[in-house]
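In UniProt numbering, the protein residues as written are 1 to 424.
Where is the CB? At the ideal position from N, CA and C, for every residue including glycine.
Written below as structure tokens is the structure these notes are about.
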Ligand SMILES: [Mn+2]
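Below you can see the structure in the form of structure tokens.
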């Protein structure tokens, strides 16, 4: 299914008068309005191929209906999201769940939908059918060199698939760790991981990067071999300039100050990318902005400040991606909500009066500093996002348009109500 532009135009027409009123109201107070609009229009967030089907928990999975049955249909779904919000112009593939059979055709299909391929993701956290050696006790950190070699070769194969599609980065998340004290020699595990990553690093094409993702626990519950940003930083700096740290919002212990982590990684030119989600407890993978939108805003405030201090392009110098999985929502609706929440936090961060904030900080004016941040956070920026999307052909209200156009009903007609997407 492909959404025709004139359908979106028709829906926008119905909303336009009310939209104008709201937009003019908020726009009046924004000094650098056109700069904000340009940045918003350029901002895109990659959609992961595994988020298009209903996710599961370790207790079960309740499949949705009309789920994509193939990589082609997943691309179609991302095309639908992008047609509506004009902010999801790439897809991030997970290998081996989504091995592109015919790379040229897959690339052509994606480009028909205005999409390209973001980072490719390897998988050594589960055993695949016909795999020689098991990852039960880890992959890149394994005590057995033969297992490490198998995992290295898998990652190099993922790079090959990505290269054929025009991806420019390999994202590595390891489940490697230990469940019990004494199970693992931490230093050996770290050194083995570094040695394995070096082999992968050496196989990267010249213009590629490897993104090292960390996570404090789960599936292992005593230690994780790349457990926090310090360990990811140690590994990536030991590897070289093509390696950087990837921050997943759900991969922190409760109460961690993620905005501070982001600020310092940016300072050290070590922030590769971002996996967005939200959580109440840990890696809950809930819809972005559904639990703690203020934290998301504070993170974006540091991102914008840090990128500006280095003259970085907001849209392209960091890999923005959603990494979520949902058990009860329509995945496309969830992703539309997530991208909107990201754009809300981003535009609020753009509204922060950076000069005034710096002055307040230099004067230790704590009250005023808080006021400056919260003034931006409490601005209803939704009309700005609607306007930015509208100007480039998107829907004023992507979620409402998705429902009005009966997209899911169409997909169920095409794919059936029992279709299940490949993934966890
Ligand atoms: Mn992640």
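Close-in-space but distant-in-sequence residues of the same chain around residue i (CB under 8 angstroms, 5 per side omitted)
{"i": "residue 405", "result": "3, 7, 11"}
{"i": "residue 62", "result": "54, 56, 327, 328"}
{"i": "residue 127", "result": "134, 135, 136"}
{"i": "residue 374", "result": "none"}
{"i": "residue 26", "result": "379, 380, 381, 383, 384"}
{"i": "residue 280", "result": "286, 291"}
{"i": "residue 131", "result": "150"}
Contacts around residue i, its chain only, beta-carbon distance under 6 angstroms, and the 5 residues preceding and following it disregarded
{"i": "residue 341", "result": "288, 289"}
{"i": "residue 83", "result": "3"}
{"i": "residue 265", "result": "245, 271"}
{"i": "residue 297", "result": "345, 348, 377"}
{"i": "residue 98", "result": "49, 71"}
7 angstroms Cβ cutoff met for residue i and residue j
{"i": "residue 235", "j": "residue 194", "result": "yes"}
{"i": "residue 239", "j": "residue 271", "result": "no"}
{"i": "residue 122", "j": "residue 172", "result": "yes"}
{"i": "residue 88", "j": "residue 81", "result": "yes"}
{"i": "residue 384", "j": "residue 338", "result": "no"}
{"i": "residue 278", "j": "residue 291", "result": "yes"}
{"i": "residue 66", "j": "residue 332", "result": "no"}
{"i": "residue 381", "j": "residue 344", "result": "yes"}
{"i": "residue 251", "j": "residue 189", "result": "no"}
{"i": "residue 324", "j": "residue 43", "result": "no"}
{"i": "residue 386", "j": "residue 351", "result": "no"}
{"i": "residue 169", "j": "residue 211", "result": "yes"}
{"i": "residue 74", "j": "residue 52", "result": "yes"}
{"i": "residue 86", "j": "residue 389", "result": "yes"}
{"i": "residue 237", "j": "residue 177", "result": "no"}
Integer-rounded CB distance, given that residue j should sit under 8 angstroms from residue i
{"i": "residue 184", "j": "residue 223", "result": "6 angstroms"}
{"i": "residue 273", "j": "residue 246", "result": "5 angstroms"}
{"i": "residue 259", "j": "residue 302", "result": "5 angstroms"}
{"i": "residue 276", "j": "residue 321", "result": "7 angstroms"}
{"i": "residue 93", "j": "residue 49", "result": "5 angstroms"}
{"i": "residue 220", "j": "residue 175", "result": "7 angstroms"}
{"i": "residue 357", "j": "residue 336", "result": "Not really, about 32 angstroms apart at Cβ, beyond 8 angstroms."}
{"i": "residue 392", "j": "residue 41", "result": "5 angstroms"}
{"i": "residue 283", "j": "residue 215", "result": "7 angstroms"}
{"i": "residue 148", "j": "residue 105", "result": "Residue 148 to residue 105, Cβ: 34 angstroms. No contact."}
Beta-bridge pairing of residue i - partner residues as DSSP gives them
{"i": "residue 61", "result": "56"}
{"i": "residue 307", "result": "DSSP output for residue 307 lists no bridge partner at all."}
{"i": "residue 274", "result": "247, 320"}
{"i": "residue 178", "result": "223"}
{"i": "residue 170", "result": "120, 210"}
{"i": "residue 46", "result": "321"}
{"i": "residue 91", "result": "47, 117"}
{"i": "residue 11", "result": "Its beta-bridge partners do not exist; DSSP assigns none."}
{"i": "residue 399", "result": "Its beta-bridge partners do not exist; DSSP assigns none."}
{"i": "residue 286", "result": "278"}
Euclidean distance between Cα positions of residue i and residue j
{"i": "residue 90", "j": "residue 47", "result": "6 angstroms"}
{"i": "residue 400", "j": "residue 160", "result": "39 angstroms"}
{"i": "residue 77", "j": "residue 419", "result": "14 angstroms"}
{"i": "residue 286", "j": "residue 200", "result": "31 angstroms"}
{"i": "residue 155", "j": "residue 18", "result": "51 angstroms"}
{"i": "residue 118", "j": "residue 355", "result": "34 angstroms"}
{"i": "residue 349", "j": "residue 157", "result": "39 angstroms"}
{"i": "residue 36", "j": "residue 111", "result": "27 angstroms"}
{"i": "residue 167", "j": "residue 241", "result": "18 angstroms"}
{"i": "residue 120", "j": "residue 363", "result": "46 angstroms"}
{"i": "residue 101", "j": "residue 32", "result": "47 angstroms"}
{"i": "residue 58", "j": "residue 218", "result": "12 angstroms"}
{"i": "residue 152", "j": "residue 403", "result": "44 angstroms"}
{"i": "residue 28", "j": "residue 359", "result": "24 angstroms"}
{"i": "residue 95", "j": "residue 108", "result": "19 angstroms"}
{"i": "residue 353", "j": "residue 370", "result": "12 angstroms"}
{"i": "residue 254", "j": "residue 295", "result": "12 angstroms"}
{"i": "residue 24", "j": "residue 421", "result": "43 angstroms"}
{"i": "residue 319", "j": "residue 311", "result": "16 angstroms"}
{"i": "residue 248", "j": "residue 231", "result": "14 angstroms"}
{"i": "residue 233", "j": "residue 162", "result": "24 angstroms"}
Cβ shell of residue i (< 7 angstroms), same chain only, five flanking positions each side left out
{"i": "residue 180", "result": "222"}
{"i": "residue 15", "result": "396, 397"}
{"i": "residue 30", "result": "36, 351"}
{"i": "residue 115", "result": "75, 78, 79, 82, 89, 90, 91"}
{"i": "residue 330", "result": "64, 408"}
{"i": "residue 146", "result": "133"}
{"i": "residue 202", "result": "none"}
{"i": "residue 267", "result": "306"}
{"i": "residue 410", "result": "1"}
{"i": "residue 313", "result": "none"}
Cβ of residue i within 7 angstroms of any chain C Cβ
{"i": "residue 77", "result": "Of the protein chains in this structure there is only one, and it is not chain C."}
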